[in-house]
């Protein structure tokens, strides 16, 4: 258990580094931006895999979300422990031990889970737990989920054998669409996803099964899911933080432009030669799976290499090298795995620490 | 704080997933292999940034290491807390708060630190702490470190102003050499590093300064540092685990071939269509900065994509798809940042859990 790198009331310059910062004004504007863009046209079930923090989940509920999504039972446990009463595990849960934990959790909160396999559905049904079950359909991401249409309806029909399970609807998340760069590509991918949803609704109707809630859509596409009319609920996560990779997307109406609200504060720990500075934040401080971190509001300074514990900054001609000991803000390439490296958010407003929020689901991978 | 995903005595099949496993037989052979390859020709100061675990550090000391390296003060604190009495922070430590923590630690154990800047040296000296100080020279990695030769000697000379500081030697780690694929490239890079060390020794001698210990060298190159005669001490870390990226190197004498001893155990959570299976271990379970994880001892199965919580496996023609719920072992692409995702090692011997070792320096980035 690491100590927090800051105390409430501390100025930015005194925070120990690397530290994971939330810029509260930007964060709050992102919450409001999502609510304004949705404008009550769909339910919002915010994805907690991004932030892993009940403090943030509570603020998403206050901004209108009906509950949260999680990807793991352990993540859902941390949310329920943190006071969140409605959690959808937007993922398949396989194996006796995990299903037993899911069943125990369902006695404490409203819990949903996804299925894409009949044997797994039987195992979940046999647990006796009262659960909302969503049939996951593959709407183009080629990951989990049964094919749309008849296979999904067949799985939904098998649910009737388990009185403890309620067929709650369809999980239809197009993860592969979120980072398609142009708005046109994302619109086209979600049009295909919506067609897959409609085909599945028709197959359910043909079986006489009420479809329930269709849920899906992420920060990069949710407005298209809403406009399609095929979805009832959206699952955005990254919108609260807006990472460097999402910022490379084209952002325009109907999607609002979210602001960077998550930063890694780092210190210049070496300035060994002209034109090079080294920060104390590497791979273990900022996940690089979706690209290197960006240096925030320091024109001419770019992070060109990272190693486990270092980020090397190169200087453009005419730009000023930061001083040894100076603290810089980095925008992480990918917010979700970066958050998973830290135990605390240092929440800052106008340069002063206002709160420390524990990331209670950090490491909740099982 | 996550619960461990296993209990002592549990068979492999019952361990919850994803879990970080050490195969103890392979791990112990790696410890012995390093000792045999070094054969007393150099001091071994094992790098604890790889494992972040005092249990492992103790076994490295038992196998002959004189102490450990760390990259961060918080990592060093975890090692001293775990009973390790000799720690070199093989990195620059900049900033008042960090230096105060380093000074406090130096009262509890033998602690070394690196410098590459005169102002930073003054700040460390002013702390009054009794510290071993190593001047870091850049021997080709183009990261931290003063240029070899006269600049290093000038910095060593300034140490004399601080009676609490002892000039302990040179930090000369060629990090950029470790993953050069051919043995010939690594040999050539370390020959250059050794020449830089010799030039610095000559500059120190010209100033009448005793050089102390020259320390450097990693798992991919240490035999060349030893053979050069310019180094007194090596700092290998990854040799205990041997990740997928290191395995892509050419391994031949004088370097021993280490075995994979670190694995991520994962469960098949979806098998939605013919030829595709999905594991419950993604970016948050196995760092992909140095490539995707490898599927261990399952010919025809390859991990082709990962997302936050999923790894997609594709099947070669004629190969067999694993069953839903089956558990597979993955070899992580890069061991250090993968270890930093977990709170526990599940230590397994012949398929049974023998120990759970806490990763007490997980998240120790500051």
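Protein chains in written order, with the working numbering: chain H, 1 to 366; chain B, 367 to 732. Even glycine gets a Cβ: it sits at the ideal position worked out from N, Cα and C.
Residue closest to residue 453 of chain B, alpha-carbon to alpha-carbon, out of B:378, B:460, B:438:
Closest option to residue 453 of chain B, Cα to Cα, is B:438.
If I measure Cβ to Cβ from residue 469 of chain B and keep anything under 6 Å in the same chain, skipping five residues before and after, which residues do I get?
493, 495
Where does residue 571 of chain B sit, in a helix, a strand or coil, going by DSSP?
helix
Run through chain B and tell me which residues come within less than 8 Å of residue 144 of chain H, C-beta to C-beta.
What residue 144 of chain H touches in chain B: 635, 636, 638, 644, 676.
Near-chain H residues of the region 454-481 of chain B (beta-carbon distance less than 8 Å), N- to C-terminal order
457, 458, 459, 460, 461, 463, 464
Closest Cβ-Cβ distance between residue 496 of chain B and chain H: below 8 Å?
no
How would you call residue 232 of chain H, buried or exposed, if buried means at least 16 neighbouring beta carbons within 10 angstroms?
Flag for residue 232 of chain H reads buried.
Is the distance from the Cβ of residue 54 of chain H to the Cβ of residue 356 of chain H below 8 Å?
no
Tell me, please, whether the region 111-123 of chain H touches the region 90-101 of chain H by the rule of three or more beta-carbon pairs shorter than 8 Å.
yes
So, with DSSP's three-state summary, where would you put residue 486 of chain B?
helix
Would you mind telling me which residues of chain B sit closer than 7 Å to residue 337 of chain H, beta carbon to beta carbon, in chain order?
649, 650, 674
Examine chain B for any beta-carbon lying closer than 8 Å to the beta-carbon of residue 313 of chain H, and answer yes or no.
no
From B:506, B:430, B:466, pick the residue whose C-alpha is nearest to that of residue 556 of chain B; which is it?
B:506
Counting only beta-carbon separations shorter than 8 Å, does residue 243 of chain H have a partner in chain B?
no
Apart from the five residues just before and just after residue 444 of chain B, which ones in its own chain have a Cβ nearer than 6 Å to its Cβ?
726, 727, 730
Using only the alpha-carbon positions, how far apart do residue 696 of chain B and residue 631 of chain B sit?
6 Å
Can you tell me whether residue 490 of chain B is buried or exposed? The criterion is at least 16 other CB atoms within 10 Å of its CB, across all chains shown.
Burial call: buried.
Measure the C-alpha to C-alpha separation of residue 440 of chain B and residue 471 of chain B and round it to an integer number of angstroms.
Going from the Cα of residue 440 of chain B to the Cα of residue 471 of chain B covers about 10 Å.
Who are residue 357 of chain H's beta bridge partners in DSSP?
H:345, per the DSSP bridge assignment.
Taking Cβ positions, are residue 423 of chain B and residue 414 of chain B nearer each other than 8 Å?
yes
Option nearest residue 600 of chain B by Cα separation, candidates B:612, B:609, B:586, B:473:
Per the C-alpha coordinates, the member of B:612, B:609, B:586, B:473 positioned closest to residue 600 of chain B is B:586.
Under 8 Å between the Cβ atoms of residue 658 of chain B and residue 672 of chain B?
Yes, they are a contact pair.
For residue 25 of chain H, name the three-state secondary structure that DSSP assigns.
helix
How about residue 26 of chain H and residue 346 of chain H: do their beta carbons lie closer than 8 Å?
no
How far does the alpha helix (DSSP H) with residue 704 of chain B in it extend, from its first residue to its last?
Per DSSP, residue 704 of chain B belongs to the alpha helix (DSSP H) from 701-705.
List the endpoints of the continuous beta strand (DSSP E) containing residue 500 of chain B.
497-502
What does the alpha-carbon distance come out to for the pair residue 446 of chain B and residue 474 of chain B?
8 Å
The region 665-679 of chain B / the region 614-622 of chain B touching (three or more Cβ pairs under 8 Å):
no
If we call anything under 8 Å between Cβ atoms a contact, is residue 499 of chain B one with residue 534 of chain B?
yes
Under a CB-based cut-off of 8 Å, is residue 544 of chain B close to chain H?
no
DSSP on residue 680 of chain B, reduced to helix/strand/coil?
strand
Contained alpha helix (DSSP H) runs [length at least 4] in the region 171-245 of chain H, N- to C-terminal order:
183-206, 222-228
Taking the beta carbon of residue 566 of chain B as the centre, do at least 16 other beta carbons fall within 10 Å, making it buried, or is it exposed?
Under this definition residue 566 of chain B is a buried residue.
Can you check DSSP and say which residues form a bridge with residue 86 of chain H?
H:110
To the nearest angstrom, how far is it from the Cα of residue 520 of chain B to the Cα of residue 390 of chain B?
47 Å
Are the Cβ atoms of residue 324 of chain H and residue 512 of chain B separated by less than 8 Å?
no
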